[in-house]
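Protein chains in written order, with the numbering used here: chain A, 1 to 301; chain B, 302 to 595.
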């Protein structure tokens, strides 16, 4: 038997095992990718992808000429960057504090509790937040009232809404975020701490000069990987919590595209914005992946 | 060896425990509040008397919710998608990760295939082309629309293949010598040994299916077919009137008072609350094993 025959006989089961997976991504990823062409069309569903008229960059023009577009981009980047920064600092702090706990059962109990919100959907959490933050009956405003403050309409006031988004997002995700940092902490060589102790370093100095440098690679990694999210301000969260009253401060690219593209069936336009977003995200992700590789020596596969 | 702790250190440790207790309770409180509301009388709830314990205890809200066939049907659809979705997803992930975990010597086209899969993370056609594809495939308004499109999660494949790669090579070699083919090696050696990683991906898939609402809203044309989270999103929490028919008005009034809302939220959260603490040990191990490499 020749070499190709031998190779095929040895490897065909491996190829065969990939068939279902390949079929899945072909149907649900690669075929939709071809549909990106409608970003350059005035897409008419009855005429399909090949029958709709080609309009060049008109869909992109529409986006740029849209009166509120500056506001929408600002909201997106403003909310997303605050989330990235807070979503980095809070889990790191909590991970270090958790690590200081002497007793394992305490650490485990706290961890279980702080993971909880991560596992609930934004639909449920928004139901909870709407109730808790309600200006008339919400418990938060009752507490504010008890200390003599005026009720705040957290979800209906443009001055508050972005910060409520950041705080509630951090509240949902910080616990889960600590997992990565706690893993990094257990990877730090304990002899370093012993040596520092002999040299007379206190706990604070040890944190500053051993713990933090030891965590640096993973911190750099998480930061660079999150930079790709600067245009993702959190559709699930904002869509479930916003209302026309706060569009001015709450409307982000994704919610805007959903309203115009899906609800008003501007399919070509929605696809164009989606394409623009994924190009920007792709550039950011590859740049930050390159940086992560360069500075933290991290590879995904 | 026990040191005598300095006063500053002891103050810090005490403060730390107090602080972390406060933080953890902060994560728990909102849910406890909702639970208390759901078991209180409507009057006590609107008067704002309920804090963290039910006032004028009553199960009326739960009777109301479980007496509504619409809610139960949505609950059933969610259970269906979790079971079907997790089973299909896990099978697909286990089988797909195996060939990709081989090295270049055993599977020459491995890198090509890996890139074919990874490209789908980096690029996607966006929502509308995705929706139109599903429509062309005739999946709209069927349970398969909720199960099949997300069945293969490339991230989970990568997690699992890294896990496979860290298993000792000798196991596979000895299985080969004993005459096991690829499928037998996968089912008898790789799959059982990767239980922590499988528990992790399985948990996330289950919770992901239970929690997802957007696909239901997009792919189902009538509330009859909504999974629970979509049902809650459109009918209970956001009261989206475009999806609501006139004859449903009475239902909405019943389901949207404060205690009923609280009961529905709590019922929808309950399965997740029960599952996740048990799998916590697995998922921490699983995540860390997939991500940390030598």
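All C-beta atoms in this analysis are idealised placements derived from N, C-alpha and C, irrespective of residue type, glycine included.
- Message: Relative to the C-alpha of residue 533(B), which candidate in 401(B), 427(B), 374(B) has its C-alpha closest?
- Response: 374(B)
- Query: When you compare only the Cα positions, how much space is there between residue 82(A) and residue 481(B)?
  - Reply: 54 Å
- Message: Buried or exposed, going by whether 16 or more other CB atoms sit within 10 Å of the CB of residue 372(B)?
- Response: buried
- Item | Beta-carbon proximity list for residue 576(B), same chain, < 8 Å, skipping 5 on both sides | 504, 507, 508
- If we count the other Cβ atoms within 10 Å of its Cβ and call it buried at 16 or more, is residue 387(B) buried or exposed? buried
- Who are the near neighbours of residue 408(B) in its chain, counting only those whose CB is closer than 7 Å to its CB and skipping five residues on each side? 400
- Query: Per DSSP, which one or two residues make a beta bridge with residue 41(A)?
  - Reply: 54(A)
- Compare the beta carbon distance of residue 176(A) and residue 573(B) with 7 Å and say whether it is the shorter of the two. no
- For residue 8(A), the three-state DSSP class (helix, strand or coil): helix
- For the putative contact between residue 207(A) and residue 427(B), defined by C-beta atoms under 8 Å, what is the C-beta separation to the nearest angstrom? Residue 207(A) to residue 427(B), Cβ: 45 Å. No contact.
- Measure the Cβ-Cβ separation of residue 394(B) and residue 458(B) and say whether it is below 7 Å. yes
- Task: Output the distance between the C-alpha atoms of residue 183(A) and residue 215(A), rounded to the nearest integer angstrom.
- Result: 10 Å
- heavy atom of the ligand GTP below 6 Å from residue 330(B) C-beta: No copy of the ligand GTP occurs in the structure displayed, which carries no ligand at all.
- Task: Determine the burial state of residue 526(B): buried for a count of at least 16 other Cβ atoms within 10 Å of its Cβ, exposed for fewer.
- Result: buried
- Message: For a test of the three-state rule: what should DSSP assign to residue 71(A), helix, strand or coil?
- Response: helix
- Query: If you measure from the beta carbon of residue 32(A) to each beta carbon in chain B, is any gap under 7 Å?
  - Reply: yes
- Short-range partners of chain A found in the stretch 318-332 of chain B, where Cβ spacing is below 8 Å: 318, 320, 321, 322, 324, 325, 326, 327, 328, 329, 331, 332
- Task: May I ask you to report which of helix, strand or coil DSSP gives residue 426(B)?
- Result: coil
- Task: Inspect the beta-carbon positions of residue 210(A) and residue 195(A) and report whether they are closer than 7 Å.
- Result: no
- Query: Looking at the structure shown, is residue 159(A) part of a helix, part of a strand, or coil, going by DSSP?
  - Reply: coil
- Message: Within the continuous alpha helix (DSSP H) that includes residue 334(B), where are the two ends?
- Response: 308-339
- Task: For residue 154(A), I'd like the list of residues in its chain whose CB is within less than 7 Å of its CB, leaving aside the five on either flank, ordered along the chain.
- Result: 133, 160, 164
- CB contact below 7 Å: residue 465(B) versus chain A: no
- Message: For residue 44(A) and residue 63(A), I'd like the C-alpha separation in whole angstroms.
- Response: 19 Å
- Local Cβ density within 10 Å of residue 404(B), reported as buried at 16 or more and exposed below that: exposed
- When you check each C-beta in the stretch 130-154 of chain A against every C-beta of chain D, which residues fall closer than 8 Å? Structure shown: chain D not included; protein chains present are A and B.
- Message: Between residue 176(A) and chain B, is any beta-carbon pair separated by less than 7 Å?
- Response: no
- Query: What does residue 270(A) touch in chain B if you count any residue whose Cβ is under 9 Å from its own?
  - Reply: 427, 428, 429
- Query: What are the boundary residues of the alpha helix (DSSP H) that residue 452(B) is part of?
  - Reply: Element bounds for residue 452(B): n/a, residue is neither H nor E.
- Message: Please report the straight-line C-alpha distance between residue 166(A) and residue 330(B), rounded to a whole angstrom.
- Response: 19 Å
- Message: Using CA atoms only, rank isn't needed, just tell me which of 229(A), 7(A), 89(A), 32(A) is closest to residue 406(B).
- Response: 7(A)
- Could you have a look at residue 301(A) and say whether DSSP puts it in helix, strand or coil? Confidence at residue 301(A) is low in this model, with a pLDDT of 45, below 50, so the placement of that residue should be treated as unreliable; the coordinate-derived value is given next. Residue state, collapsed to three classes: coil.
- Query: So, helix, strand or coil for residue 137(A), using DSSP?
  - Reply: coil
- Message: Between 25(A), 61(A), 30(A), 46(A), which has its C-alpha nearest residue 40(A)'s C-alpha?
- Response: 61(A)
- My guess is that residue 139(A) and residue 334(B) are in contact by the Cβ rule of under 8 Å, so how many angstroms apart are they, rounded? 6 Å
- Query: What residues from chain A crowd round residue 488(B), counting only those whose CB sits closer than 7 Å?
  - Reply: Per Cβ cutoff of 7 Å: no residues; residue 488(B) is ~12 Å from chain A at best.
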